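Q: I'd like to ask some things about the structure below.
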Amino acid sequence: MKDSLYRAPKGTRDLVWPDSERRRSFINLFAEISSSAGYEEIVLPMFEHIEVFQRLGDGTDVVRKEMYDFEDKGGRQIALRPEQTASIVRSYAENRPPLPWKVWYAGPNFRYERAQRGRYRQFDQVGMEALGSEDPYLDVEVISVAWRFYEALGLKNVNLLLNSMGTANDRSRYIEALSEYFANQKGDLSKESQDTFVANPLRVLDSKRDEDAQVIAEAPSILDHLSDEANDHFIKVQEGLEKLGIPYSVEPKLVRGLDYYLKTTFEFISESIDAAQDAIGGGGRYDGLAAEMGAPETPGVGFALGLDRTLMACDAEKSFPEPKHLLEIFVVDATDGSHALVVADQLRQEGFKVDRAFDNRSMKAQMKAADKSGAKIAVIIGDDEVRSGVVTIRDLRGEDGQEEIASELMIADLRKRLR
RNA sequence: GUGGCCGUAGCUCAGCCCGGUUAGAGCACCUGUUUGUGGUACAGGAUGUCGGGGGUUCAAAUCCCCUCGGUCACCCCA
25 MKDSLYRAPK
35 GTRDLVWPDS
45 ERRRSFINLF
55 AEISSSAGYE
65 EIVLPMFEHI
75 EVFQRLGDGT
85 DVVRKEMYDF
95 EDKGGRQIAL
105 RPEQTASIVR
115 SYAENRPPLP
125 WKVWYAGPNF
135 RYERAQRGRY
145 RQFDQVGMEA
155 LGSEDPYLDV
165 EVISVAWRFY
175 EALGLKNVNL
185 LLNSMGTAND
195 RSRYIEALSE
205 YFANQKGDLS
215 KESQDTFVAN
225 PLRVLDSKRD
235 EDAQVIAEAP
245 SILDHLSDEA
255 NDHFIKVQEG
265 LEKLGIPYSV
275 EPKLVRGLDY
285 YLKTTFEFIS
295 ESIDAAQDAI
305 GGGGRYDGLA
315 AEMGAPETPG
325 VGFALGLDRT
335 LMACDAEKSF
345 PEPKHLLEIF
355 VVDATDGSHA
365 LVVADQLRQE
375 GFKVDRAFDN
385 RSMKAQMKAA
395 DKSGAKIAVI
405 IGDDEVRSGV
415 VTIRDLRGED
425 GQEEIASELM
435 IADLRKRLR
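Residues in the first sequence are numbered consecutively from 25, following the numbering used here.
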C-alpha cells in the first residue's frame, strides 16, 4: 500500500483521533478567546484569483516559488491560498464592512515546498485581523490576544520578538541603505546570501549561515531609519505591552517573509521546539495593502499562528494534552445483538455516551472491547437477564462490583452512577 | 529547489556491511485456559509481493542504477 497512489499526497496527512479532536479543541479555544475580544469569525474561500496573492509582492518566496496555482476549467488562473491575510483584505475591499472590522479565522493554507517536520504543504493556521485603525494600542490588542492564547494553551517558553519596519518611506530608505551596505560587503557574504541580496536585500538579514553573521551584525539598523511618526508608534506599542505585562524583545533584524508589513512586525518563537521550525506565529501591520487591492487606504494589523507548530510546542511542554475518550457505557449483549441495539439507542436518547460491539462476538470478547473503550460501566444483557426482565450493571473502573437491576429502573440507576 | 540519513508484519524495529534453507522479535490483534464476565498470567494463532521498477548473479531484503515516499538541515516560513 505504501507505493500506491491511494495515499495522502506529499506534504499532506490525515488527522485521525486523537489529533483530529485536539485540533478541534485548539480552534474552539482560539474562537473563544478571540470572540471575547470582539472579533467575529470569517470563513474565506480556500482559493482565489492568483492576483490576490501576487499583491503580496514578487520578492517573497510565497509568491515566487511556493504558490499552488492552476488554471480552472473556465481558464481562470487560480491559487490555493498560501495565507489568509490577503483574502481578508480582498474580502474587505469587496464587501466594505463598517470599520473597525475585527475578524478571526481558522483553516488550512497551502504552500508548494519541501515538507519536513512542522512544515507541510497543507497546514492549518488560526489568526485574526483588525482593519480600520492606526491606533498603536490596536497592535497591542492583537498581540495580547495571541499571547493570552498561548497562555491558555499552557505554553511558557514563548518569546515575543518585536520590530518596526517604519512607514513605506522609512522602509524604502532603509532598503536603500541596506543595499548599499551589502553591495560593499558582498565579498564577505555566502554565495546563497549574494543571491538572496539580488532578489530581496531585507531577507539577507534572515540568513542562519555562520559566514554571514559578521556582516549582518554590522549592518545598518531599521531603528535608525524610523521617521518620527513610525518611532512614536513603535514606542506606544512597547508601552502598551508593558502595561499588560507582556514581555518582548526588540529585534531590529526581524524581517518577516511577507513584504506588505509596515510599522509593527512581530514573531512568536518557541524555545521548546527542537527543530528549525521554531516560529510558531507572527504578524504585523499592513497599512498599504487595502489600497493595493482597490479599496480606499485602510490600515490593518493582524497575526497568524501555525496550528501544527504550536501543538509541537505544546507536546514539548506537555501542555494542552490529547483528549481522552468520553464513553460512559458499553452494552454487552450475549444473546443475538438485538437487545444491545435497542438499549444503546435508548440510553443515547437519554444523553449517555454509549457504544457496543457487533458481529455476535463472544461475551469475553465483548467485555474486552468494553474495557478498551474506556467506558465506566458495562450494561450486560444475556438470556438470564432477558428471562427475568433485568440487566446486569457492572462497574468497569473500581472493584469488581456488579448487580442486577430491573430493566425499567436501568436509566435511573445509571443516572445515579454517572451524574 | 540543494544536500545527508531512512523505507522489512497494523505499530516500533532486528536481519543488509561478509548475497544462499519455510524472513524474525516486541507491542497490538484473534482464540483458548475460564461452555455468560474485561483489566493480570500462561498457551496457541493469523498477518509481509522486505516502498516500486530495472540490472548484476545459478541465487537479491542483502550488491548497482532509477523512481516514489519519509526524515533532518539549507532556502524560506507557520
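Where a beta carbon is used, it is the ideal one built from N, C-alpha and C, also for glycine. Please read these numbers as outputs of a predicted model, since none were measured by experiment.
Taking the straight line between their C-alpha atoms, what separation do you get for Glu235 and Phe147?
A: Position 211 of the first sequence, counted from the first residue, corresponds to residue 235. Position 123 of the first sequence, counted from the first residue, corresponds to residue 147. Roughly 32 Å separates the two Cα atoms.
Q: For the beta strand (DSSP E) that contains Thr147, what are its first and last residues?
A: Within the first sequence, the letter at position 123 stands for residue 147. As written in the sequence, residue 147 is Phe, which differs from the Thr given in the question. Segment 146 to 155, the beta strand (DSSP E) holding Phe147.
Q: Would Trp125 be called buried (16 or more neighbouring beta carbons within 10 Å of its own) or exposed?
A: Stepping through the first sequence from its first residue, residue 125 is reached at position 101. That one is buried.
Q: Are the beta-carbon atoms belonging to Lys277 and Leu331 less than 7 Å from one another?
A: For the purposes of this step, residue 277 is taken as residue 253 along the first sequence, with counting starting at 1. For the purposes of this step, residue 331 is taken as residue 307 along the first sequence, with counting starting at 1. Not in contact: Lys277 and Leu331 (Cβ atoms no closer than 7 Å).
Q: Mind checking which residues open and close the alpha helix (DSSP H) that includes Arg47?
A: For the purposes of this step, residue 47 is taken as residue 23 along the first sequence, with counting starting at 1. Counting along the chain, the alpha helix (DSSP H) containing Arg47 begins and ends at 43 to 59.
Q: Ends of the beta strand (DSSP E) at Ala170?
A: For the purposes of this step, residue 170 is identified with residue 146 of the first sequence, where counting begins at 1. First-last for Ala170: 160 to 177, but that is the alpha helix (DSSP H), not the beta strand (DSSP E).
Q: What does Arg418 pair with, by DSSP beta-bridge criteria?
A: Working through the first sequence from its first residue, we reach residue 418 at position 394. DSSP output for Arg418 lists Ala402, Gln426 as bridge partner(s).
Q: In the DSSP output, which residue or residues are listed as bridge partners for Val17?
A: Outside the modelled stretch of the chain, which goes from 25 to 443, sits residue 17, for which no answer is possible.
Q: So the candidates are Arg227, Leu213, Val182, Glu175; which of them puts its Cα closest to the Cα of Tyr198?
A: Along the first sequence, one-based indexing puts residue 198 at 174. The residue with the shortest Cα to Cα distance from Tyr198 is Arg227.
Q: Decide yes or no for the touch test of the region 356 to 369 against the region 319 to 327: beta carbon pairs closer than 8 Å, at least 3 of them.
A: No: fewer than three Cβ pairs fall under 8 Å.
Q: Give the secondary structure of Ser188 by DSSP, where H, G and I count as helix, E and B as strand, and everything else as coil.
A: Within the first sequence, residue 188 is the residue found at index 164, counting from 1. DSSP places Ser188 in strand when its eight states are reduced to three.
Q: Measure how close the beta-carbons of Thr39 and Met70 come, nearest whole angstrom, since I'm counting them as under 8 Å.
A: Against the first sequence, residue 39 aligns to sequence position 15. Against the first sequence, residue 70 aligns to sequence position 46. The residue you asked about is not Thr; residue 39 is Leu in the sequence shown. Not a contact, Cβ separation roughly 17 Å.
Q: If you follow the alpha helix (DSSP H) that Asn119 is in, where does it begin and where does it stop?
A: Within the first sequence, the letter at position 95 stands for residue 119. Asn119 -> alpha helix (DSSP H) spans 109 to 119.
Q: To the nearest angstrom, report how far apart Glu158 and Ser188 are at their CA atoms.
A: On the first sequence, position 134 is the one that residue 158 refers to. On the first sequence, position 164 is the one that residue 188 refers to. Whole-angstrom Cα-Cα distance: 14 Å.
Q: Would you mind sorting Tyr63 into buried or exposed? The rule is 16 or more other CB atoms within 10 Å of its CB.
A: Numbered from 1 along the first sequence, position 39 holds the residue referred to as residue 63. Buried, by the Cβ-count rule.
Q: Just the C-alpha distance for His249 and Ile66, rounded to the nearest angstrom, thanks.
A: Looking up residue 249 in the first sequence gives position 225. Looking up residue 66 in the first sequence gives position 42. When rounded, the distance between both Cα atoms is 37 Å.
Q: Using a threshold of 7 Å, state whether the C-beta atoms of Ile304 and Thr334 are closer than that.
A: On the first sequence, position 280 is the one that residue 304 refers to. On the first sequence, position 310 is the one that residue 334 refers to. In contact: Ile304 and Thr334 (Cβ atoms closer than 7 Å).
Q: Spell out the partners DSSP gives His73 in its beta bridges.
A: Walking along the first sequence from the start, residue 73 turns up at place 49. Answer by DSSP bridge pairing, in chain order: Ile102.
Q: Per DSSP, what kind of secondary structure is Gln262 in: helix, strand or coil?
A: For this step, residue 262 is matched to residue 238 along the first sequence. Of the three classes helix, strand and coil, the one that applies to Gln262 here is helix, per DSSP.
Q: Over the uninterrupted beta strand (DSSP E) stretch that includes Asp525, give me the two end residues.
A: Residue numbering for the chain in the displayed model covers 25 to 443; residue 525 lies beyond these limits and cannot be assessed.
Q: Glu341 lies in the alpha helix (DSSP H); which residues open and close that run?
A: By one-based count along the first sequence, residue 341 stands at place 317. Per DSSP, Glu341 belongs to the alpha helix (DSSP H) from 331 to 341.
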